[in-house]
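Everything below concerns the one structure shown next.
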Amino acid sequence: MGALDGTKAIVTGSSRGIGAEVARLLAEDGAAVVVNYRQKAPRANRVVAGIEAAGGQALAVGADLTAPEGTKALVDAAVENFGGLNLLVLNASGGMEAGLGDDYALKLNRDAQVGMLNAAIEVMPAGSRVVFITSHQAHFINSVETMDAYEPVARSKRAGEDALRELIPALTERGISFVVVSGDMIEGTVTATLLDRAAPGAIEARRQEAGRLYSVEEFAAEIFKMVSADVPTGHTEYVGGAEHFTR
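Going by UniProt numbering, the residue at position 221 of the sequence shown is 221; the numbering climbs one at a time, nothing skipped.
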């Protein structure tokens, strides 16, 4: 029995990296978790296998969040396999990948986030929680410049956060809380790798500026804490390096 026993969760973008680690932590504490992937089924299945080997409960579901049928598939999977949904972790993000179109960042980081939340709240009961994951570079983009290669992604993620925050009154009416977790660049993530490829030395420069960057495991642990933290709806939890953006 864990503290999250009875929790039924969806973690978007959880076949690797931060999302996979969050899914593992949730399951370790008793939650049943829908592990979402877009294309890499074997990778998601390995996440599920690891959770099950440790005694947890999880299910891998392939779904493109930019399509309405994708968000519906995730919600249906949670309801049909776990009996409901009371935790949604909006972790999926992107926009630096090649070949997906100039508007992909906005489609994924804003439109898909809103679409996923709107699909989820139809089945989420009072007492549920929604956690949105972002970066300091995106959260503060309207007041602090970021790296050129990351700016389109940052602006699309800020647009996503703003659009989700507009839904807080509707969430509050349903008794659902909404929390944002904002972190600095995270060591070892796809975004950090692509950014360093586009602007060699960018991650090292940010590391020097911040003092240190969090690892995937460290950042996931902070996200995990906010799943049940006693904070008001709309709260933003800053993880590492925020002083640079607020001074």
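Note that CB positions come from ideal geometry on N, CA and C, so glycine has one too. From a predicted model like this one, the values you see are computed outputs, not experimental measurements.
Tell me whether the stretch 48-64 and the stretch 127-143 touch, counting them as touching only if at least three CB pairs, one residue from each stretch, are closer than 8 Å.
no
- Query: From residue 91 to residue 214, what distance separates their C-alpha atoms?
  - Reply: Your numbering for residue 91 matches position 91 in the sequence shown. Your numbering for residue 214 matches position 214 in the sequence shown. Approximately 16 Å between the Cα atoms of the pair.
| query | If we count the other Cβ atoms within 10 Å of its Cβ and call it buried at 16 or more, is residue 228 buried or exposed? | reply | Locating residue 228 in the sequence shown gives position 228, counting from the first residue. With fewer than 16 other Cβ atoms within 10 Å, it is exposed.
Q: Take every Cβ of the stretch 166-175, pair it with every Cβ of the stretch 186-206, and state whether three or more of those distances are shorter than 8 Å.
A: no
- What are the start and end residues of the beta strand (DSSP E) that includes residue 132? Here the question's residue 132 lines up with position 132 in the sequence shown. Per DSSP, residue 132 belongs to the beta strand (DSSP E) from 129-135.
Inset, instruction - Would you mind giving the Cβ-Cβ distance between residue 181 and residue 223, rounded to the nearest angstrom? I have them listed as a contact below 8 Å. - result: For the purposes of this step, residue 181 is taken as the residue at position 181 of the sequence shown. For the purposes of this step, residue 223 is taken as the residue at position 223 of the sequence shown. Residue 181 to residue 223, Cβ: 5 Å. Contact.
**Message:** Just to confirm, is the Cβ distance from residue 36 to residue 14 under 8 Å?
**Reply:** Residue mapping note: residue 36 aligns to position 36 of the sequence shown, counting from 1. Residue mapping note: residue 14 aligns to position 14 of the sequence shown, counting from 1. It is a contact, given that the beta carbons lie within the stated cut-off.
Q. If you draw a straight line from the alpha carbon of residue 58 to that of residue 20, how long is it in whole angstroms?
A. Reading the sequence shown from its first residue, position 58 is the one you call residue 58. Reading the sequence shown from its first residue, position 20 is the one you call residue 20. Roughly 11 Å between the two C-alpha positions.
| What residues match up with residue 236 in a beta bridge as DSSP calls it? | In the sequence shown, counting from the first residue as 1, residue 236 sits at position 236. Beta-bridge pairing links residue 236 to 180.
Item to complete: Determine the direct distance from the alpha carbon of residue 7 to that of residue 216, and round the result to whole angstroms.
Response: Taking the sequence shown and counting its residues from 1, the one referred to as residue 216 is at position 216. Taking the sequence shown and counting its residues from 1, the one referred to as residue 7 is at position 7. Looking at the two C-alpha atoms, the distance is approximately 23 Å.
Q. Looking at C-alpha atoms only, which residue of 72, 127, 145, 239 is the closest neighbour of residue 114?
A. Against the sequence shown, residue 114 aligns to sequence position 114. Checking every option, the nearest Cα to that of residue 114 belongs to 72.
TODO: Report yes if the CB atom of residue 254 is closer than 8 Å to the CB atom of residue 61, and no otherwise.
DONE: The question about residue 254 has no answer here: the residues shown for the chain are numbered 1 through 247.
TODO: Decide if residue 225 is buried, meaning its Cβ has at least 16 other Cβ atoms within 10 Å, or exposed.
DONE: For the purposes of this step, residue 225 is identified with residue 225 of the sequence shown, where counting begins at 1. Exposed, since its Cβ has fewer than 16 Cβ neighbours within 10 Å.
### Task
State the DSSP-derived secondary structure class of residue 63, mapped to helix, strand or coil.
The sequence position of residue 63 within the sequence shown is 63, counting from 1. Correct three-state label for residue 63: coil.
* Using the Cα positions of residue 183 and residue 201, report the straight-line distance between them to the nearest angstrom. => Position 183 of the sequence shown, counting from 1, holds the residue named residue 183. Position 201 of the sequence shown, counting from 1, holds the residue named residue 201. The alpha-carbon atoms of residue 183 and residue 201 are separated by roughly 19 Å.
query: Which same chain residues, not among the five before or five after residue 232, have their C-beta less than 7 Å away from its C-beta?
result: For this step, residue 232 is matched to residue 232 along the sequence shown. Result list for residue 232: empty, nothing under 7 Å.
If the criterion is Cβ atoms closer than 8 Å, does the pair residue 70 and residue 63 meet it? By 1-based counting over the sequence shown, the position of residue 70 is 70. By 1-based counting over the sequence shown, the position of residue 63 is 63. Cβ atoms of residue 70 and residue 63: closer than 8 Å.
Quiz prompt | From 157, 218, 16, residue whose alpha carbon lies closest to that of residue 48 | solution = As a working mapping, residue 48 is identified with position 48 in the sequence shown. It is 16 whose Cα lies nearest to the Cα of residue 48.
query = Would the beta-carbon of residue 109 fall within 8 Å of that of residue 95?
reply = Here the question's residue 109 lines up with position 109 in the sequence shown. Here the question's residue 95 lines up with position 95 in the sequence shown. Against a cut-off of 8 Å, the Cβ pair of residue 95 and residue 109 comes out as a contact.
Margin query: Quick check: what's the CA-CA separation for residue 190 versus residue 86?
Written below: As a first step, residue 190 is located in the sequence shown; it is residue number 190 there, counting from the start. As a first step, residue 86 is located in the sequence shown; it is residue number 86 there, counting from the start. The alpha-carbon atoms of residue 190 and residue 86 are separated by roughly 28 Å.
_Proximity to residue 39 [Cα-Cα], best of 24, 206, 12, 25_ = Taking the sequence shown and counting its residues from 1, one reaches residue 39 at position 39. The shortest C-alpha separation from residue 39 is found at 12.
* **Member of 138, 111, 179 whose CA lies at the smallest distance from the CA of residue 242** => Position 242 of the sequence shown, counted from the start, is the residue given in the question as residue 242. Checking every option, the nearest Cα to that of residue 242 belongs to 138.
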